[in-house]
Each structure stands twice: as C-alpha cells, then as structure tokens.
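Number of protein chains: 2
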Amino acid sequence: MKPRVAVIATGTELMRGRAVEAHLAYVARRLEAIGLEIDRHSACGDDLSRIVEEIRTAAARAPIVLLSGGLGPTQDDLTRAAAAQAFGRPLEFRPSAWRTIRARFRRFRVPMARINRRQAFFPRGARILPNSRGSAPGFALVAKGVHFFALPGPAPELRPMFERFVIPLLVRAFRLRRSTWWWEGCVVGLPEATVDERVRTLVARRPGTSYGLALSGGTVALHVQADKARSLRILIGDLEKEFGARWIGTRSLEETVADLLVRRRATIAVAESCTGGLVLHRLTSVPGISDVLREGWVTYSNASKAARLRVAPSLIRRRGAVSADVARAMARGAADVAGADVGVAVTGIAGPGGGSKKKPVGLVYHAVHYRGRTRTERRLFPGNRDQVKERAATCALDLVRRALLERGR
Amino acid sequence: MKPRVAVIATGTELMRGRAVEAHLAYVARRLEAIGLEIDRHSACGDDLSRIVEEIRTAAARAPIVLLSGGLGPTQDDLTRAAAAQAFGRPLEFRPSAWRTIRARFRRFRVPMARINRRQAFFPRGARILPNSRGSAPGFALVAKGVHFFALPGPAPELRPMFERFVIPLLVRAFRLRRSTWWWEGCVVGLPEATVDERVRTLVARRPGTSYGLALSGGTVALHVQADKARSLRILIGDLEKEFGARWIGTRSLEETVADLLVRRRATIAVAESCTGGLVLHRLTSVPGISDVLREGWVTYSNASKAARLRVAPSLIRRRGAVSADVARAMARGAADVAGADVGVAVTGIAGPGGGSKKKPVGLVYHAVHYRGRTRTERRLFPGNRDQVKERAATCALDLVRRALLERGR
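For the protein sequence lines, the chains are A and B, in the order given. Using my numbering, read the first sequence as starting at 3 and increasing by one per residue. Using my numbering, read the second sequence as starting at 3 and increasing by one per residue.
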C-alpha cells in the first residue's frame, strides 16, 4: 500500500479569486513518477487557525503533507507558525538561514526590511530547504509520523526545491521506485459515453489496470495506467484494436495532422466559413507547419466563396451555402487555387443566430479533397458558438487525418 | 456574521495533474458580490468514499457547500450517489429530468447510451437545476442544516447554472444583499507593471477601494471593487481619465472591435501571416460579425502574399516578408481585394524557428488601412509560439480599434 499524499495551498488571494492554484498539476505528475498519488487537495486563506486546522486534518489522514505559500516575511506569512503549532514544535531562530538571507539581499543590492528576519525562524527539528530562486527558504519536518514539507508559493521557486529536495527525500524515506505505468491518448469522433463504455469493458478484462476520461476540444482524452509495464502494453494494444483509426495516441490532433502531412509530403489549403479561422489557428500552432500549409481563406460571404474558391454561384443558390455540395466545392477549390495536395473546408451555422428549422444552429458540413477524391461529413453539434466552432474544427482536422491515413497506405 | 462557504472540486484527473481546477476564482468573485467569502476549498478524486468524506468535512464547518464535477453518465460520475450517502437521502428516479435528457439527445440526433439514465437519479428532496448547455442537470439539496449545490464540471455549463440558480437561491435563503461593488475591465497596449503602478496610485487616493490584475491574452484584465457604489463610480472615472483610449471597459477586445465596426458601418478584411488565423478566430467568436467581416486570408508563403493580396514580389525581396512595408502592403491589398473599408495585416516570426540576429523570434509588424491612411506598429514580443501569436493578434485588434476610434470622430 502506497503512502497517501495530501497537498495544501494557502493564500487569501486564492479564496478571493485573485489568484489561481498553480502547483497541483505539476506536483501530481512529479509524484506519479515515483508511484505516489495525491489523495486530497485543500486550500485556505492566510489565517493562522485555519492553516493549523488544514495541516492537522491533512496529517490525520496522510503520512505525507505538502504545503505551499506563506513563507514570505510579511504578517500574512503564517506557515512557519502554523506548522510549529500543528506539530507542537516551538519556533527557533536559525543563524545559518539568516546569514543566507542577508547574503542574498547584499548580492542583489536590495535594501532589507527588518521583517525579513522572520524568515529565519523554523519549527524545532526542521530541515531547511534552500531556495535557489527567492529569499524564502522552505523546510521539511518529520513529526508525529508525518513527513511535512513547506514550500514557497511562486512556481519558479517551488519547482527547483521540489526536484532537488522533496523528491529525493520522499524516495529515501518511503523506499519508492517507479511503480505505476501510465499512458495518455485521445479518441476522436465518438461521444464520451461511448468511449467510456468500450474502455470500461477492455480494462475490466485486464487486472491491475484502470483509466480516466476527459473531454478536451471535441476529442476524448484517455488516461490509462497499470501496475506492470507489460499489462499496460497489452491494454494499449487492446485500445488500438478497439478504436482503430479513431485512436490518435499521445499527440494533439493538429500535431498528428501536421506530422502526417510532412510524412506524405502533402501540402494543404484550408477554406473556413463557420469555424472562422480556428482550423488555421490550430494548425499553425504546430511549429514547422509552414513547410506544408500553403494558404487559407475565411470565406464568410457567398461572394467570397465564389471569388476565392471558384464555387459556382448557381450551386450556392441551389443548395445553400451550408450544404454538402458547397463544402465539397470549397475543399476542391481551395486545393486547386492554392495548388495544394489537400483541400479542407468547413461551412455551417455556429449560431446563436442564422439557424432555421431545416438548417438549425450547430449544423456543419465538412469536406476534404485529396488525390482526386472528395469526402464530406455532416454533423449537428450541440453547444454555444465557441463550442460549435471548436467541435467543427476538430471534425475537419480529423477528416484530413483519416483521408491521409487511407490514401497514404 | 456571514455564513461560511466550502467549495469542493472532484475528478481523478485533478489529482493526477491531467486537468486544472477551473472554478474557484470565478465562484469566489461571484460570491463576493453577494458578500460571501470562501472559507475552504478542497479536491479529491472520483472515489465514492473520498467524495462522501469531503462533503461531510465541508458540511461540518460550513452551511453552504458547493461541489463541481461528477454529474455525467459514466461510472466515474459519483456526485449523486455521494450526496445521497453523505446526507442520508436515498436516490430517486426523476421522470421529468429523464424526459429533458432524452429530448436533448433527440434534438441533436445523438445516439444515447443506456448509462445516460443515471443522470436522472437524484437524492430525495433535491431541487433539479436545469443545464442550459449540456446534458447533466445539477441539483440543490437542503439537508442537515446545510445548503448543498452539485454543479457540472465544464465551465460553460457551470457558470449559467450558477448565475441563474445558485446566486438567487443563496440570496433568498440567507437574506443577503449586494455588499461589495465590483467592476472589471481591460487595459490594452501597456505592460502589466505599468498598469499596476498607475492603478495603485489611483486606488490609494480613494478609501474603501481595492483592485487586482491579471494578464489575459495580451491585455491586462483589471478588477476593482469598493464598499460603496459611489466610490466605485468615482474610481472608474479616474481609470477612464488615466488610461484614455487604452481602456476598453468590460467587453473583450474583439467585441469592442466588432461593435465599433458595426457602429461605423465599416467592413473589414484580415490578412494574417504569423498569427495564422488567430485574429480571424477571435473576431469570429463574436456573434453577428458576419455583417461586417468580408473575408480573411492566411498567407504564409511569399507567393500567397503576392497572389492574394497583390503585394509586389520586388517589395518582399527588398524588405523581406517580415517588414513594415510588407505589412502595410498586405493591409492595403486585403482591403482592396475584398472591397472592405478596413484592412488589417500581421507578419512576423512566431518561432521557435525562423529567427535571425536582425529579425529575431517575436518580431512582428502589424498594419491597419482605413480611409486612405495606413498605420503600422512594430513589436518584439517575449514568449513561446502560442504567446507570440496571442500577443500579436491582440496588438492587431487594438490597432484596428484605435484607427476606428480616431477616424470615426
């Protein structure tokens, strides 16, 4: 049984919405590498009795407690006093810490306020953790069977201290080794509940494995883990078989598409109506995309679809701008005009206005043209304007991905 | 004495560093407007006994408990069961909620998995809170002297539910009134430290006022509050005087630009190189933009700048694609080709590759053409590829805003 970990963040600014908790995700991932998982996280304001209470609650249920914030010199900085009270250890002045603090101020030629002396007091028996990036030292305290760590609030100060001291101290104290194997990937083009049902069945067949799901930008992000490297490998094989081409592995969809384009030596042109530039924005977030992205258009108006992408005005009149035929013509036009190998197009109704009974808000047609073949996809997306744009862009990128996979074989 | 508030976030992905808590800051600010402050925040994974324990701990010390997450249809979604257990209320099937869920699936023509039926079970006596943006209803439960609210995890679903139901229910139950007056706005085109210094001076002159800053997408978001409505009005007047045209009030920069375009009856065309569609994506996030946005280009290559925007190839050879002259020619070309009143262009080096000593990563030229005049702006942005894109897009939108403000008078 692994030791539990409790994490506490302090700071009135967190409770008042003036700052956002910044360490949990980082700490969670670093602990995972040594086989530990966070059991609970809590936060409270800069109030002595509240911090003491949080430390006591955490220490009552976890042998490892990590607290961030409250190590500065001001009246609001109460971590030293709270730890002393919670663990029944008096505060003591530590001359060596005081020398280090003074030397730092001299080095940066900053005038030192008298209150900085507070930062040289620690609960008796604490091990001082030097701060390579700021004036506030942290500390580690083993008391009442609990390994307590007090770390600075700012991320640039906390992280080096965490890597250099917290991880090695934990590994030694609890004889840890890399014990959990995990892996992340994305499934595109299926609803969350469907992905969940299918993954649950697979995981149930493989003892020692577990999983979690999260929606991210129209794709379902999947996190699986196992107690043995071999079990994880087998489970990943199961997942690949189950989801086939809908399974895009650890990279983002846009990175996957960019990589496929580069590997196929295929250039691309993009024509967007309702997504309004989002497909292009996501593609151009990938460094090096300029080698394969020829150009892109945002053609909101019918006139612009006709003038830039050579979509026949009569076709728009007959079928409507939001139709499979116009999407198809846009994709072909984009590829032709740009002289690109791949053309991708999106046309739809992002809302909130512009919908009708026959063509409601959320109706989007996607098309991709590649090597003489054009395929289209019709979707009706739920959600507000931003969500429809996001989901339609994901669908368009996925359509490109699948076309490249099939035709590239 | 104000009632205490405890906030709980659930989700194994939070504990494993796969997601970041997203509601605390928003909830804190909204509660502040009705005079409430969060006393504690905690988070735990998707584990029934852990969630029950968190609810019990929170309910033991606060009469108001807000919990987010765990309302979906999957086996990870345990909030309904945990609340039932923590408050000793059996789960009951609610046909009306089930009808609403089914109607939603029918409307979007999504195949419904059997497990979605789980979402229609609630602890006895719960008041169902409709979800206008997703399939998962929330609920409110008054039990054992505690007002408990279960809210969906995704922010676009939680926020409307919070505004429409949680705030009014709390105001009624605890006879609250609006005790703090607050206001938010953005300053564009100044560094954070400069904005901070100037606002600090103004706030110091007005007793009972305070402020907070946050960087968001290249603009500085400012939050000011006061203990009296009158003090807030006076402070806002001070801020307007201090920042003049750099002050854009409560709306986003893209909304401000869209509104100015509509009011001036000016159409716009956009030509992007290094921002790769982000200016267009941000503009098209504003509903109704189709009335004024003619079209847009992402012209990554030199050939595309020449062919689409009529930029003279000799100019590109002479000055380089990343230059004030080419930005100017792109803006003019975009306006001319599209027949739009305003043309805006961005060309630069987003990185990580492509930089040189003379033209380093982060160098961006912006240009806007309006009523026969073209103005340009050269900026050197710090940060990675995404940050450079974000800041350059903000600068381009702000350039359009200022051109419209000046020429529209």
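Just so it is clear, CB atoms sit at the ideal spot from N, CA and C, and this is done for glycine as well.
Query, Result
"Between the CA atoms of B:R207 and A:R252 - distance to the nearest angstrom", "Note on residue identity: the sequence assigns Thr, not Arg, to residue 252 of chain A. The alpha-carbon atoms of A:T252 and B:R207 are separated by roughly 53 Å."
"Residues near B:L262 by beta carbon distance below 6 Å, same chain, minus five either side", "L406"
"Rounded C-alpha distance that separates A:S98 from A:R104", "10 Å"
"Cβ distance (whole Å) where A:L33 is taken to contact B:E23 below 8 Å", "Not quite, the Cβ-Cβ distance comes to about 17 Å (not below 8 Å), so this is no contact."
"Proximity test, Cβ basis, 8 Å: A:G72 and chain B", "no"
"Outcome for A:I117 when other beta-carbon atoms lying within 10 angstroms are tallied against a minimum of 16", "exposed"
"Own chain, CB closer than 7 Å to B:L131, minus 5 neighbours either side, in chain order", "P139, G140, F141, A142, M163 and F167"
"Beta-carbon proximity check, A:M332 vs A:A247, cutoff 8 Å", "no"
"Residues of its chain near A:V324, where Cβ-Cβ distance is below 7 Å and the 5 sequence neighbours each way are ignored", "T349, G350, I351, K361, L365 and Y367"
"Contacts of B:H371 in chain A (Cβ-Cβ under 8 Å)", "Chain A residues near B:H371: none, gap ~18 Å exceeds 8 Å."
"CB contact below 8 Å: A:V264 versus chain B", "no"
"Which of helix, strand or coil DSSP assigns to B:T14", "helix"
"Exposed unless 16 or more other CB atoms sit within 10 angstroms - verdict on A:D2", "No information on residue 2 of chain A is available, as it lies outside the stretch 3 to 411 that chain A covers here."
"Euclidean distance between Cα positions of B:V54 and A:R381", "40 Å"
"Under 7 Å from the C-beta of A:N386: neighbouring residues of chain B", "R135 and P158"
"Closer than 8 Å to chain B by CB, A:T286", "yes"
"Residues, ordered as in the chain, of the segment 102-120 of chain B that lie near chain A by beta-carbon distance below 7 Å", "F110, R111, V112, A115, I117 and N118"
"Those runs of the beta strand (DSSP E) which lie wholly inside the segment 278-351 of chain B and span at least 3 residues", "295-300 and 344-350"
"Among A:F245, A:I40 and A:L204, the one whose alpha carbon lies nearest that of A:A228", "A:L204"
"Cutoff 8 Å: B:C397 Cβ touching any chain A Cβ", "no"
"Bridge partners - A:T76, DSSP secondary structure assignment", "Answer is none; A:T76 lacks a bridge partner."
"Chain A residues whose Cβ lies nearer than 7 Å to that of B:P289", "P354, G355 and R387"
"Closer than 8 Å at the beta carbon, the chain A residues around B:G239", "Those within 8 Å of B:G239 in chain A number zero; the least Cβ separation is about 23 Å."
"Cα-Cα separation between B:V339 and B:H283, rounded to whole angstroms", "20 Å"
"Limits of the beta strand (DSSP E) - the one that A:G251 falls within", "That residue, A:G251, is in no beta strand (DSSP E); it is neither H nor E in DSSP."
"Simplified DSSP assignment, three categories, for A:S44", "strand"
"Nearest-angstrom Cα separation, counted from A:A337 out to B:P384", "35 Å"
"Close beta carbons around B:N386, own chain, < 8 Å, minus the five adjacent residues each side", "G353 and P354"
"Beta strand (DSSP E) segment containing B:E274, residue limits", "I270 to E274"
"N- and C-terminal bounds of the beta strand (DSSP E) containing B:A142", "G140 to A145"
"Length at least 4, wholly inside the segment 115-165 of chain B: the alpha helix (DSSP H) runs in chain order", "157-163"
"Three-state secondary structure (DSSP) of A:V190", "strand"
"Top-ranked residue by Cα proximity to A:A223, from A:R202, A:I238, A:R200 and A:V189", "A:V189"
"Proximal residues, the segment 302-320 of chain A versus chain B, C-beta separation under 8 Å", "Y302, S303, S306 and R310"
"Closest residue to B:E244 among B:P289, B:T196 and B:E257 (Cα-Cα distance)", "B:T196"
"Beta-bridge pairing of B:E66 - partner residues as DSSP gives them", "The amino acid at residue 66 of chain B is misidentified as Glu; the sequence shows Ile. Bridge partners of B:I66: B:V7 and B:H149."
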